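In my numbering, the protein residues as written are 708 to 893.
To keep things clear, I will list the structure first and then write my remarks on it.
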Ligand SMILES: [Zn+2]
Ligand SMILES: [Zn+2]
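See the structure below:
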């Protein structure tokens, strides 16, 4: 199936300097994120998209808003993280080559703000926004998300949250020989 992130730029005149802006919602058909925290499938993300005609293609400036959901890696409480990320990418015309020296120089200058990863290409009038949206959302996700920097996590023995337990909470270390009896009522 074709990615939901294809956008048709037919409204944008192919004249350098022309510009269009859009506010686009995308309902995710696949989660974006990492194991412990992700924007879940079915959730809606919003992209403020600005597309500009430049000599060699379409320059895309975007602000991506989404809510990532996951769990605190210390206490396992659910957490949500508001994401607000930006990217700038140049989508080159498929056959568009800069012919003159001056054009090539200008192309290089225009690219200085642009990420250096793999080249993105126009596909006819369409651009596929999936890779830059995915990358910019995943890039800053915490590998160990926390409900709070100060989260004290769980007692390793009973699994209760330290924050809910009395200060003197402790477990008696039960001698293995008696462990079998500890569940019985005398
Ligand atoms: Zn926590
Ligand atoms: Zn405990």
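The beta-carbon is built from N, C-alpha and C at its ideal position, and this holds for glycine as well.
In this text the structure is predicted, and so the values were computed from the model without any measurement.
- In the DSSP assignment, residue 792 falls within the beta strand (DSSP E) that extends over 785 to 799.
- Taking the CA atoms as reference points, residue 708 sits about 20 angstroms from residue 746.
- The shortest CA-to-CA distance from residue 714 to any of 828, 878, 869, 749 is the one to 828.
- Under the three-state reduction of DSSP output, residue 837 falls in the helix class.
- In the DSSP annotation of this structure, the continuous segment of the beta strand (DSSP E) that includes residue 740 starts and ends at 739 to 741.
- By the C-beta density criterion, residue 852 is buried, having at least 16 other C-beta atoms within 10 angstroms.
- By the criterion of a C-beta distance shorter than 7 angstroms, residue 764 is surrounded in its chain by 797, 798, 799, 800, 803, 829, once the five residues flanking it on both sides are discounted.
- Taking residue 834 as reference, the option from 724, 766, 780, 750 with the minimal CA-CA separation is 766.
- Cβ atoms of residue 721 and residue 760 come within 8 angstroms of each other, at about 6 angstroms.
- For residue 865, the Cβ falls inside the 7 angstroms cut-off from some heavy atom of ligand 2.
- For residue 880, the three-state secondary structure derived from DSSP is coil.
- Note on geometry: alpha-carbon atoms of residue 785 and residue 771 lie some 23 angstroms from one another.
- For residue 725, the CB contacts under 8 angstroms within the same chain, skipping 5 residues up- and downstream, are 719, 759, 760 in chain order.
- Residue 758 sits in a strand when the DSSP states are folded into three classes.
- Residue pairing by DSSP places residue 828 opposite 799 in a beta bridge.
- Counting only residues of its own chain and dropping the five nearest sequence neighbours on each side, residue 787 has a CB closer than 6 angstroms to the CB of 774, 776.
- Note on geometry: alpha-carbon atoms of residue 779 and residue 858 lie some 9 angstroms from one another.
- Residues lining ligand 1 by the Cβ criterion, that is a Cβ closer than 7 angstroms to any of its heavy atoms, are 779, 781, 782, 784, 853, 854, 855, 858, 860 in chain order.
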